[in-house]
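Q: As they're listed, the protein sequences go chains A and B.
First residue of the first sequence? That's 1 in my numbering, and the numbers climb one at a time after it.
First residue of the second sequence? That's 1001 in my numbering, and the numbers climb one at a time after it.
Backbone N, C-alpha and C fix where the C-beta goes; we use that ideal spot for every residue, glycine too.
Note that this is a predicted model, so its numbers are computed, not measured.
Number of protein chains: 2
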Amino acid sequence: MSVTVKDVAKEAGISRTTVSNVFGGKTKYSDETREAVLAAAKKLGYKPNLAARSLITNKSGLVGLILPSYVDTNTLTNSPFYNIIMDGVYSVLRDEAYYDLIIFSVPSKENYKEKLLQVSDWIDVRNVDGILAIGEYDQAFLRDLSSKNIPVMLIDNYSSENYSNFSYINSDDEAGGYLATQQLIKQGYKKIGLCSAALHSLLMQKRYAGYKRALAEAGYLEHVFAGGIDAFEAGKQMGEALMREKVDAAFCTEDMLAVGLLHYLLKQRVRVGQEFGLVGFDNISIGRQIYPELTTIDQNIFKKGETAAKTLLSIVNGAKDTRLLLPVALISRETA
Amino acid sequence: MSVTVKDVAKEAGISRTTVSNVFGGKTKYSDETREAVLAAAKKLGYKPNLAARSLITNKSGLVGLILPSYVDTNTLTNSPFYNIIMDGVYSVLRDEAYYDLIIFSVPSKENYKEKLLQVSDWIDVRNVDGILAIGEYDQAFLRDLSSKNIPVMLIDNYSSENYSNFSYINSDDEAGGYLATQQLIKQGYKKIGLCSAALHSLLMQKRYAGYKRALAEAGYLEHVFAGGIDAFEAGKQMGEALMREKVDAAFCTEDMLAVGLLHYLLKQRVRVGQEFGLVGFDNISIGRQIYPELTTIDQNIFKKGETAAKTLLSIVNGAKDTRLLLPVALISRETA
DNA sequence: CTGAAAGCGCTTACAG
DNA sequence: CTGAAAGCGCTTACAG
C-alpha cells in the first residue's frame, strides 16, 4: 500500500541500502546517486516510516517536556511562563532539527507520586530522546529520570544534588531580586515589602536573597508577605495586609502576583508609581498590557526555552552535560 | 537489552501471542492468565515498544495540532486562546486515552504555501492518527488534509466546502456579537463602534453579523474600525480614531483588542464603564486581571478544546464525522 | 487458550 | 558503491 524503500530502490535502479543511507543523511555518495534516489522518492511520493526507523535506531525523534501544574488542570492557561518557554522550544525543534515535542504534565497535587510514576512510564513507552523539565520535583523522581540514561535539561531547578545525565539552565534570580529592590530604593521608597506565593521554593529563595542583599546595603528592614497558590489571587489578597502595615512599595517575585496586587491597589485608588512602588519579575506580556505598565525584571523566557532546547539537542547528539546561567535586566516602566 | 514480549512470555510460562493480546486489551482471557502476564511484566519491568506496535497497526497514538501563527514565531505567547484550547485537549488525551499531542505550526506569512507543504509532509511522516486544526487555511491545504484519510477536526473554521473526513467545532459567534452589542445598547450607549483586527476572517464576520443585527433592531448606525495584526496593538491604535469620532462604546471582536483599547482609554483618563462602554469576546483570563475588569462574551475555550479532542478520538475509533456548535454567554463585569 | 510463523519498513554490518 | 541477509519488537492470522 504505502511506498517503501524497496519501491524507491527499484524505481531508481539502486540498492535499498543506498536509498536508506541517502535518507539517513550519509554523505559518502556522489551527487548523481543522491539525486537519482531523491528523484525516485519524489516521483513515488516516498516518505520514510519513522516507526520502522525508530525500531532499529532506538531513537524516537521525540523530546519530552515535563510541566508541573500547581493549579487545577489549566497549566498553560495559568502560567504564561510555560507558553513562552514552549514557543522558544518549538522555534528550535521546528527550524533546526525537526524533532517533535510531547508534553508530560503532572496534573494534581493529590496523587502526586503516582502521577510521577505514570509520567516516568510514559517517557519510557514513548522512548523520548531527551527531557526538558520545568521547575522543582522531588528527589525520588529526579533519581528516576537520571537512571533513564537520556539527557535531561532542568529549567529553573536549583537542586544541588549531583545526577548523571542532567544539565541545568537558570536565570540569575538573585541578581534579579537585587536589581528589583534596588530600583525601589532608588525611587525613594522606604518600607519595601517582598511578596511571594511559593516562597518555599528554591527559585523564589534566590529572588528573596537578592531582595535581602539590597535591603541590607541600604540598611532597611525586611517585610515579607508570603502564601497562596494562584499567584494573581495571592497578589490581590496581599494588598490589604500591605496597606495595613503601611508598606510603600513591593517587590513581587513574579509578574502575575504583581498584577493581582496592582488590581487591588487600583481599586483602592492608590496612585501606583507615585505613592506606591511596584516591581515584578519575569517580564511576561501582561505587564505592558495593563495600565499603568509594570516595572519588572526581564529574564528573556523565550531565549531560555530556545537555549534549553538547543543545548538539549546538542547533548542528545553527543555533547557534554552543562550548566547555564542567563542574565537578567531591569525593565523600567510606570509602576516604579 | 530491553525486556520484550518474549521475555514476559517465558517468565509467565505463556505464549507470546497471549502476552501481546493481554497488553493489547483483548478481553477473552481468564483473570488468572491476565494476572500472570501482568505479574511477569511487572517483575521484569516490561513496557511495550510503541514503535514496533505502530509498525504493525499503522496507528501512532499521536494527534497533530495545527496552529497558525500570525505574529512572528510567538504563537503561544501571543494568543492565550491557543493555550486554553491546548489545556482542554491535554486534559482529554491524558486522562481518557493516553494519546500524545504534537504541534505543527505555520511560522510565517512569507513562505506560507511552502510551510504548509512541510506540515503536510510531517503529518505523514509522524503518521498521526488524527488532526486538530485551529483557524482558517487555504482551500488547497484543506483539500490536502482531506486526502490523507485521517479524521480532521476543524476548530473555528467556517469553510463552507464539503471535505471528506472533516468535522467542525464552532462557537455561536453570531449570537455572541449580538449579545455583546445588545449589552451596550441596554446600558444606554448610542454610538457603538465595532473594533476588529482581522475583520476579513469568516469568524470575525460572524461576530460582526451579530453586531449588525443588534444595531438594526435598535435602529442605530454602524461604526466599523478594522485593521492591524497584533490585536493588543491594534486596540491601542484604534483608541484615537474612536475618540475622534466621538464613539461612546465599542464591541471588540476579541479580548486582547479590548485590552489594548482599554490601555489607551485609561491613559486618556476616560472613565471606562461610565462614559465609555466596552465589551470584548473570548473571556480569557486577562479580562478579569486588569482593572476595571472587562465585560465580555464567554465561549468556554477550555471546553471547546476538550470537546474537540474527545470528539476527534471517538472518530479515530470509528464514530462518524460531525459538526458542533457551542453556546456563548455574556459575562457582565465592569466595563459595560 | 497455544505456538510456530509471517511480516510491518526500516537500518546495519558484511563480503564483494 | 552493491546486494543479500539479519533483525529491531511487535501483532496477526492460522491450525490446533
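Please name the residues in the stretch 81-93 of chain A whose beta-carbon is closer than 7 Å to at least one beta-carbon of chain B, in chain order.
A: Those would be N83, I84, M86, D87, Y90 and S91, in chain order.
Q: Give me the Cβ distance between Y1098/B and V1063/B, rounded to the nearest whole Å; I'm assuming they're in contact under 8 Å.
A: 11 Å between Cβ atoms; not a contact.
Q: If you reduce the DSSP assignment to three classes, tell me which class P1048/B lands in.
A: coil
Q: Check each residue of the stretch 1046-1060 of chain B: if its Cβ is closer than 8 Å to any Cβ of chain A, include it; give the result in chain order.
A: Flagged, chain order: K1047, P1048, N1049, L1050, A1051, A1052, S1054, L1055 and S1060.
Q: Decide if P1327/B is buried, meaning its Cβ has at least 16 other Cβ atoms within 10 Å, or exposed.
A: exposed
Q: Cα separation between E32/A and V22/A?
A: 12 Å
Q: Name the chain B residues that come within less than 8 Å of I286/A, Cβ to Cβ?
A: I1286 and Q1289
Q: Where does L202/A sit, in a helix, a strand or coil, going by DSSP?
A: helix
Q: Around the C-beta of T1057/B, are 16 or more other C-beta atoms found within 10 angstroms, so that it is buried, or is it exposed?
A: exposed
Q: Is L1093/B near the ligand NAP, judged by its Cβ being under 7 Å from some heavy atom?
A: The ligand NAP is not part of this structure, which contains no ligands at all.
Q: For R323/A, which beta-bridge partners are listed by DSSP?
A: Answer is Y168/A.
Q: Going by the DSSP bridge assignment, what does V1272/B pair with across the sheet?
A: Checking the DSSP bridge columns, you'll see V1272/B partnered with F1276/B.
Q: What residues match up with M1342/B in a beta bridge as DSSP calls it?
A: Here chain B has residues from 1001 to 1336 only, and residue 1342/B is not among them.
Q: Can you round the beta-carbon distance between G227/A and A197/A to whole angstroms, since I take them to be within the 8 Å contact cut?
A: Separation of the CB atoms of G227/A and A197/A is rounded to 7 Å, and the pair is thereby assigned contact status at 8 Å.
Q: Would a C-beta distance cut-off of 8 Å place G177/A and A216/A closer than the cut-off?
A: Going by C-beta atoms, G177/A is not nearer than 8 Å to A216/A.
Q: List in chain order: all unbroken alpha helix (DSSP H) runs of 4+ residues lying wholly within the stretch 1066-1129 of chain B.
A: 1075-1078, 1080-1092 and 1112-1126
Q: Out of I315/A, A319/A, R333/A and L330/A, state which residue places its alpha-carbon closest to the alpha-carbon of I131/A.
A: I315/A
Q: So which residues on chain A does T1253/B lean against when the C-beta distance must stay under 7 Å?
A: Within 7 Å Cβ-Cβ: nothing; T1253/B doesn't reach chain A, min ~17 Å.
Q: Could one say the Cβ of T75/A lies closer than 8 Å to chain B's Cβ atoms, at least one of them?
A: yes
Q: Please classify R1094/B: is it buried, with 16 or more other beta-carbons within 10 angstroms of its beta-carbon, or exposed?
A: Counting C-beta atoms within 10 angstroms of its own C-beta, R1094/B has 16 or more neighbours from the protein chains shown and is therefore classed as buried.
Q: Output, in chain order, the set of chain A residues within a Cβ distance shorter than 9 Å of F1023/B.
A: Within chain A, no residue comes near F1023/B; the closest Cβ sits about 11 Å away, beyond 9 Å.
Q: List the whole-angstrom C-beta distance separating A12/A from I155/A, where the pair is believed to meet the contact cut-off of C-beta under 8 Å.
A: The distance from the Cβ of A12/A to that of I155/A is about 45 Å, inconsistent with a contact at the 8 Å cut-off.
Q: With DSSP collapsed to three states, give me the class of V1247/B.
A: V1247/B: coil per DSSP, three-state reduction.
Q: Look at the alpha carbon of V3/A and the alpha carbon of W1122/B, and state the distance between them as a whole number of angstroms.
A: 16 Å
Q: Going by beta-carbon coordinates alone, are S285/A and T1018/B separated by less than 8 Å?
A: no
Q: Using Cβ-Cβ distances below 9 Å, what residues of the stretch 1293-1304 of chain B are close to chain A?
A: E1293, I1301 and F1302
Q: Examine the Cβ distances between the stretch 1250-1267 of chain B and the stretch 1279-1296 of chain B and report whether three or more of them are shorter than 8 Å.
A: yes
Q: With burial defined as no fewer than 16 other Cβ atoms inside 10 Å of the residue's Cβ, what is the status of D138/A: buried or exposed?
A: exposed
Q: Hey, could you find the ends of the beta strand (DSSP E) D1298/B is sitting in?
A: Counting along the chain, the beta strand (DSSP E) containing D1298/B begins and ends at T1296 to D1298.
Q: Mind checking who A1329/B pairs with in its DSSP beta bridge?
A: D1298/B
Q: Counting only the same chain and skipping the five closest in sequence on each side, list residues whose C-beta sits under 7 Å from that of T1075/B.
A: L1067, S1069, Y1082 and S1105
Q: With a cut-off of 8 Å, does the C-beta of L261/A fall near any C-beta of chain B?
A: no
Q: Are the C-beta of R1126/B and some C-beta of chain A separated by less than 8 Å?
A: yes
Q: Output yes or no for whether 8 Å exceeds the beta carbon distance between P151/A and L312/A.
A: yes
Q: Could you check what DSSP says for S196/A in three-state terms: helix, strand or coil?
A: The answer is strand: DSSP assigns S196/A an E or B state.
Q: Hey, is K267/A's beta-carbon within less than 8 Å of any beta-carbon in chain B?
A: True, the Cβ-Cβ gap to chain B drops below 8 Å.
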